[in-house]
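Notes for the one structure printed next.
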Amino acid sequence: MRKVCDVGLLGTGRVKSLHPVMEQEVCKWIHASISAAGEPINLSRSLFDLGCSINSRLVLGMSSLGQEEVGVFFSLASQLMKAMGGFDLVDLFPSSELLRRITGAHGELKKLHAALDAILETVINDHVTKRSAAKNIDDEEEDLVDFLLNLKENNEHRQLPITNSDIKAVILDLLMAGTSPWIAVVEWAMSELMKNPRMMEKAQKEVRHRFDDEACINELQYLQLVLTETLRFHSPGPLNLPRENQETVVINGYQIPAKTKVIFNSWAMGRDPDHWTNPECFDPERFLHTSTDYKGHHFDLIPFGAGRRICPGMHFGTTIVKLVLANLLYHFDWELPNQMKPRDLDMSERLGLDLRRKNDLVLVPIPYHHGSIEVA
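Residues 91 to 466 (our numbering) are what the sequence shown spells out, left to right.
Structure (structure tokens):
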């Protein structure tokens, strides 16, 4: 299924072909933000709305779901992630049926899953109906649901039987794992830039000088440094997914038996004073003269994991982050509300599967006049 997702949505080639869709959604979002310029906006909620628009269009396509239903879906998915990441006594005593009933957490998870399942069933049925009416679907119009339905119907792929339940599971995983993490990265990057006006000025200067169109986004060196430092300092998934060692190993005198579930704390690794100078300081320029990156080649920085099990959505997520950040820095100057000083900006973290701000980020956008924007 990993290979299926790579081809259908997450692979480098597929991300490149979907870039125009991302650009359109970001451009519409920027226009909407301009209309509210000069007044405080909740950037966290605004980014959530953008995430819903981009990911629902890429994964679900133009389905029968209206904007309100899409919002309900992502709200339920957000509640599910919060419930899964929160503390529950049942996790300490998994065999206790009594605790399961007392806390009610398991029932809440089942209720959320059922609501999401019903929405996804509607999406699949809608795609099946449209496919029956129009036999030929353009590659550009094909979304992930169409791609998975093609695999299900194609006799050549019988060695990989796919059911509607499989399709719903893939969609849910991608929409949950592919939305919240990149929103968190943009939130933290903007928070750190607001906290450090000199860095904000430097990032904006580069973007406004070189960001003529989205094609040159990978040439923005300082923006890339900001992204890498944000991933070090605020790893979107503080705990990597569990791994299982195949052989017994001894590390620093500790024997780890074979088939042990091992969890890497990427948040702690990114702040380890043995590997980083001034680890508690946000400093993008620490990566200026080093080959260290976040792509799994350097084990002191693995926000997406490493090896064959590295997060398949790494390229997809970082592409959106750079696109959104570049547009935020290009089109607006930013101020804190109520004459707040940068040093007073709350940087508290929230407990959960993903590392988000405890409080929403509220900023005042001031339009930067450089010409008009066209929506494709």
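Even glycine gets a Cβ: it sits at the ideal position worked out from N, Cα and C.
Asked: If you pair each beta-carbon of the segment 312 to 327 with each one of the segment 337 to 352, do three or more pairs fall below 8 Å?; Found: no
Asked: How long is the line joining the alpha carbons of D233 and T269, rounded to whole angstroms?; Found: 16 Å
Asked: Let me confirm a value: T480 is counted as buried when at least 16 other C-beta atoms fall within 10 Å, else exposed. Which label applies?; Found: A query on residue 480 cannot be resolved here, the shown segment of the chain reaching from 91 to 466 and no further.
Asked: Is P393 buried or exposed, if buried means 16 or more other CB atoms sit within 10 Å of its CB?; Found: buried
Asked: So L166 and L202 are supposed to be a Cβ contact under 8 Å. How far apart are they, rounded?; Found: 6 Å
Asked: Taking only three categories from DSSP, how would you classify N453?; Found: Sequence inspection shows Leu at residue 453; the Asn mentioned does not correspond to that position. Of the three classes helix, strand and coil, the one that applies to L453 here is strand, per DSSP.
Asked: Can you tell me the Cβ-Cβ gap for L451 and S134, rounded? I've got them flagged as a contact below 8 Å.; Found: 5 Å
Asked: How long is the line joining the alpha carbons of H299 and D423, rounded to whole angstroms?; Found: 15 Å
Asked: Whose C-alpha, out of F406, P369, A274, A126, is nearest the C-alpha of N449?; Found: A274
Asked: Pick helix, strand or coil for I131, following the three-state DSSP scheme.; Found: strand
Asked: According to the neighbour-count rule (16 or more other Cβ atoms, all chains shown, within 10 Å of its Cβ), is M319 buried or exposed?; Found: The displayed chain sequence assigns Glu, not Met, to residue 319. Buried, because 16 or more other Cβ atoms sit within 10 Å of the Cβ of E319.
Asked: Rounded to the nearest angstrom, what separates E277 and R447 at their Cα positions?; Found: 8 Å
Asked: Please report how far the alpha carbon of P374 lies from the alpha carbon of L317, in whole angstroms.; Found: 8 Å
Asked: Tell me where the alpha helix (DSSP H) around W278 begins and ends.; Found: 270 to 285
Asked: Under 8 Å Cβ to Cβ from E464, same chain only, skipping five residues before and after it: list those, please.; Found: Bear in mind that a pLDDT of 44 at E464, under 50, signals an unreliable position, so the number given afterwards is only what the model happens to contain. C117.
Asked: Beta strand (DSSP E) containing E113: first to last residue?; Found: That residue, E113, is in no beta strand (DSSP E); its alpha helix (DSSP H) goes 102 to 125.
Asked: Taking only the alpha-carbon atoms, compute the straight-line gap between H459 and P251 and give it to the nearest angstrom.; Found: 54 Å
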